[in-house]
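Note that the UniProt record's numbering has the sequence shown beginning at 1, numbered continuously upward.
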Amino acid sequence: MAVSIKDVAREAGVSIATVSRVLNDIDVVNEETKKKVLDAIKDLGYRPNIVARSLKTQRTKTIGILVPDISSQVYPEIVRGAEDVANIYDYNIILCNSDYDMDKEKEYLRVLKEKMVDGLLYMSISLEEKTINLVNDLDLKTVLVETKDEKGIFPSVTIDDIQALYDSTKYLIDKGAKKIAFIGTKQEEVNAVTKRYKGYEKALLENGLELDEDLRYFDGFKVKTGYNGIEKFLESKKDFDAVVCSSDEIAMGAINALRDHGKRVPEDVSVIGFSNINMSEVFYPKITTVAEPMYDMGSIAMRMLIKLVNKKEVEQQHYILDHKIVERNSCK
Numbered sequence: 001m002a003v004s005i006k007d008v009a010r011e012a013g014v015s016i017a018t019v020s021r022v023l024n025d026i027d028v029v030n031e032e033t034k035k036k037v038l039d040a041i042k043d044l045g046y047r048p049n050i051v052a053r054s055l056k057t058q059r060t061k062t063i064g065i066l067v068p069d070i071s072s073q074v075y076p077e078i079v080r081g082a083e084d085v086a087n088i089y090d091y092n093i094i095l096c097n098s099d100y101d102m103d104k105e106k107e108y109l110r111v112l113k114e115k116m117v118d119g120l121l122y123m124s125i126s127l128e129e130k131t132i133n134l135v136n137d138l139d140l141k142t143v144l145v146e147t148k149d150e151k152g153i154f155p156s157v158t159i160d161d162i163q164a165l166y167d168s169t170k171y172l173i174d175k176g177a178k179k180i181a182f183i184g185t186k187q188e189e190v191n192a193v194t195k196r197y198k199g200y201e202k203a204l205l206e207n208g209l210e211l212d213e214d215l216r217y218f219d220g221f222k223v224k225t226g227y228n229g230i231e232k233f234l235e236s237k238k239d240f241d242a243v244v245c246s247s248d249e250i251a252m253g254a255i256n257a258l259r260d261h262g263k264r265v266p267e268d269v270s271v272i273g274f275s276n277i278n279m280s281e282v283f284y285p286k287i288t289t290v291a292e293p294m295y296d297m298g299s300i301a302m303r304m305l306i307k308l309v310n311k312k313e314v315e316q317q318h319y320i321l322d323h324k325i326v327e328r329n330s331c332k
């Protein structure tokens, strides 16, 4: 037979109301009594009825996390940081993977609302106005991770993506690169990754280097984008001595394509990635990249969201975390 709240109250020698206050973290219970209740819960293995509690409190102790692609090594690390903090505060996680499908993403937003999640950590494919309006209409407490909406409506945790790509491009320029190509995501999407191109453009213009349309390639976020980008550059017959990539996976595809076409990395062409996923350190050659603090993004965002859910003050609405260049073997 399942253990009930009455059993906990009897074991702890307190009233059912006192057990309820402890379960709902109401501060009127003194520490000695609270310890008795918590010990009784542990000894009896009591688990509250989440459905019954949510009907009464309108809270489920559940957070939704929506990611574009769980197979990417970026998002699991963010989720791990978020989950570790959620566990500390006794929150459960519902993880949704949109597969870079905007319709699927919007449907998941509705599903999470139906599941009565207390809040949402949102890593969106494209923060277009229709998406922002949907989140507002659903009235979900939301923190954006790795991206930021243009008007700064939602709290967010990001890095400065434009500056980070500027720094990676400038790194190549300082190494002597003169003809630098770029491979990244489609520019019509409204998210942090698309902004990275602006950093590349700014670095070239400020340093008097040519911005060649034939040495730019925009598509997806994965390995094949990097491979296809290099093939396009080679077909154009334009010389290039370095490639800036807006993800490490793109960098891997670029390196594979260069190798398949008889080009050596970094002797003939330098390649720099972005994010510092685990594979970048074991790929050959090991990839020089921009490191973004993925775990910290998730953990900070979850702390912010739990404060919002509990109507506590959030000291800062928009966190911009530090990035850095990690030097390895893919650049001269």
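From the three backbone atoms N, C-alpha and C, an ideal C-beta is built for every residue, glycine too. Since the structure is predicted, the reported quantities are computational estimates derived from the model, not experimental observations.
Option in 79, 184, 298 and 61 with minimal Cα separation from residue 161: Out of 79, 184, 298 and 61, 184 has the C-alpha closest to the C-alpha of residue 161.
Three-way DSSP call (helix, strand, coil) for residue 191 in this model: Taken through DSSP and simplified to helix, strand or coil, residue 191 comes out as coil.
State the Cα-Cα distance for the pair residue 323 and residue 290, rounded to the nearest angstrom. One C-alpha to the other measures close to 7 Å.
Any chance you could list the alpha helix (DSSP H) runs of at least 4 consecutive residues sitting entirely within the stretch 43-127, in chain order? Taking 4 residues as the shortest admissible run, the stretch 43-127 contains the following complete alpha helix (DSSP H) segments, listed from N- to C-terminal end: 50-57, 74-88 and 102-114.
Which same chain residues end up closer than 6 Å to residue 317 when comparing Cβ atoms and leaving out the 5 residues on each side of it in sequence? Hits under 6 Å: 155.
Does the stretch 205-221 come close enough to the stretch 165-180 that 3 or more CB-CB pairs lie under 8 Å? Verdict: yes, contact present.
Residues of its chain near residue 172, where Cβ-Cβ distance is below 8 Å and the 5 sequence neighbours each way are ignored: Excluding positions up to five away in sequence, the list reads 180, 242, 244, 270, 272 and 331.
Which same chain residues end up closer than 8 Å to residue 259 when comparing Cβ atoms and leaving out the 5 residues on each side of it in sequence? Annotation for residue 259: 265 place their beta carbon closer than 8 Å to its own, counting only its chain and skipping 5 residues before and after.
Between which residues of its own chain and residue 99 is the CB-CB distance below 8 Å, once the five residues before and five after are set aside? Within the same chain, residue 99 has close Cβ partners 68 and 69.
Give me the Cα-Cα distance between residue 315 and residue 256, rounded to the nearest whole angstrom. Roughly 45 Å between the two C-alpha positions.
Do the stretch 80-91 and the stretch 293-302 make contact, defined as three or more Cβ pairs closer than 8 Å? They touch, by the three-pair rule.
Residue 199 bridges to which residues according to DSSP? Checking the DSSP bridge columns, you'll see residue 199 has no partner listed.
Measuring straight from C-alpha to C-alpha, what distance separates residue 283 and residue 277? Spanning the alpha carbons of residue 283 and residue 277 requires a straight line of approximately 11 Å.
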